[in-house]
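Counting from 261, one number per residue, gives the positions in the sequence shown under the numbering used here. Just so you know, even glycine gets a beta-carbon here, dropped at the ideal spot from N, CA and C.
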Amino acid sequence: MAISLAHLGPVGTYSESAASAYGEWLETNQQQKFILCPQPSIALALSAVAQKKVNYAVVPVENSIEGTVNITLDTLWQKKDLKILRGLTIPIVHSLLSYNEDLANIKTVYSHPQALGQCQEWLANNLPQVQLIAANSTTEALKLLKEDPTACAISSARAAEIYHVPILYSGINDRPDNCTRFLVIGFETNKFGSHISLAFGLEKSNVPGVLVKPLQIFAEREINLCKIESRPTKRSLGEYIFFIELEGSLQEPKIQEALAELKQYTEVLSIFGNYDSISVE
Ligand SMILES: O=C(O)C(=O)Cc1ccccc1
C-alpha cells in the first residue's frame, strides 16, 4: 500500500515540494510508493496524522530567516503521541507574482506569513506602501489574485508555472541561502538517529538560574545542543516550555544518563524522536 503524506496545500506549496522529496526518498530507499494529501493548513495536516487518516505529515518547523513555525512545536507538545521520524531541509526561493505588471499599481501582497517574513526587507524597500495580507499558504495566495487586479503574491517559480501567473521578480527573499527545515511526523518511535528533539516544562520557570541545571546536564557530558527555543505554556504569562534539539542517539549511554537526570529536574519531559535528516539541493 502507498504511504500517504499530508502537507499544507493546495498543489504547488513549498510543503508539497518537501513532501514529494520525502516520498521520493521512500521510493529510492524503502521501495515504498507514496501519495500526497494536501490539507488547508499546517494544523490540519498534523490533525490528519494524529487522527490516523494518513501515515505521515510533512510540516515546516524552522526557516533560516524567519525562525520557528510555532504551530508545529505547539502541536508536538500538545499531542504527545506524535513523533518526529525524519528532518528534511529544502532551499526556498521566493518570487513576486501578479497579473498586473506595474508595481506602481500594486496595493496588496498576499502570502503565507512565513513567506511575508522572509521577504520583509525586499517588501519594505520595493513596495513600502502596500498592505500585507496573510494567506493559508503561498498557493492559496495565488487563488486570491484572481479576485484582485491590484494585488500580487509571494510564491515559488514552480507555483507560477502550475497556476499560470506571471513572475515580476525572482529571488526576493532577504537572504540568498534561504532554507526551511521540515519534519516528517508519525507515530513510530525511532531509537537511533543523529539528532534528538525534546521539550520540558519546569515547575517554576520564572526564577533566576532555573535553566542552568538542565543545560549543565548536557554540557558536562559534551552533548552538543543545536537548538533551544521557548514557547509559552499558555497557562499564564511568563511560564514557558523549553524545546531542545541535540546531537546524539538514544542508544548512547551518556544520552540515556543525561535524559534520566533531566527527568528529575522537569515537571514534564517529552521526547519527540531520534532521527536522521535529508538535505535537498
Ligand atoms: O505556503 C507554503 O508554500 C508553505 O509550504 C509554507 C511555507 C512558506 C514559506 C516557506 C516555507 C514554507
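Check                                                                                       : Outcome
Bounding residues of the alpha helix (DSSP H) (the contiguous stretch that carries K343)    : No alpha helix (DSSP H) contains K343, which is instead part of the beta strand (DSSP E) from K343 to P351.
Anticipated Cβ contact below 8 Å, Y370 with A401, distance rounded                          : 4 Å
Residue span of the beta strand (DSSP E) that contains K403, given as start and end         : Element bounds for K403: not the beta strand (DSSP E) but the alpha helix (DSSP H), T398 to L405.
Contact check, H354 vs A384, beta carbons under 8 Å                                         : no
Near ligand 1: T273 beta-carbon under 7 Å from a heavy atom                                 : yes
At least 3 beta-carbon pairs within less than 8 Å: the region 413-426 vs the region 449-456 : no
Range covered by the beta strand (DSSP E) that runs through T440                            : C439 to G446
Neighbour-count burial assignment, L336, 16 or more Cβ in a 10 Å radius                     : buried
First and last residue of the uninterrupted beta strand (DSSP E) at I538                    : V528 to S539
Sub-8 Å separation of A317 and H372 beta-carbons                                            : no
Which residues DSSP lists as bridging I414, in chain order                                  : L356
Limits of the beta strand (DSSP E) - the one that Q292 falls within                         : Where Q292 is concerned, there is no enclosing beta strand (DSSP E), given that its DSSP letter is neither H nor E.
Which of helix, strand or coil DSSP assigns to I607                                         : Absent from the structure is residue 607, since the part of the chain shown begins at 261 and ends at 541.
Distance CB(S272)-CB(T440) smaller than 8 Å                                                 : One point to set straight first is that residue 272 is Gly, not Ser, in the sequence displayed. Taking 8 Å as the Cβ cut-off, G272 and T440 do not qualify as a contacting pair.
Q524 beta carbon near ligand 3 (any heavy atom closer than 7 Å)                             : Ligand 3 is not part of the structure shown, which contains ligand 1 as its ligands.
Between the CA atoms of I483 and Y535 - distance to the nearest angstrom                    : 16 Å
L286 versus K464 - alpha carbon distance                                                    : 43 Å
Pick from E326, P320 and A394 that is closest to I344, judged by C-alpha positions          : P320
Alpha helix (DSSP H) segment containing Q338, residue limits                                : N330 to Q338
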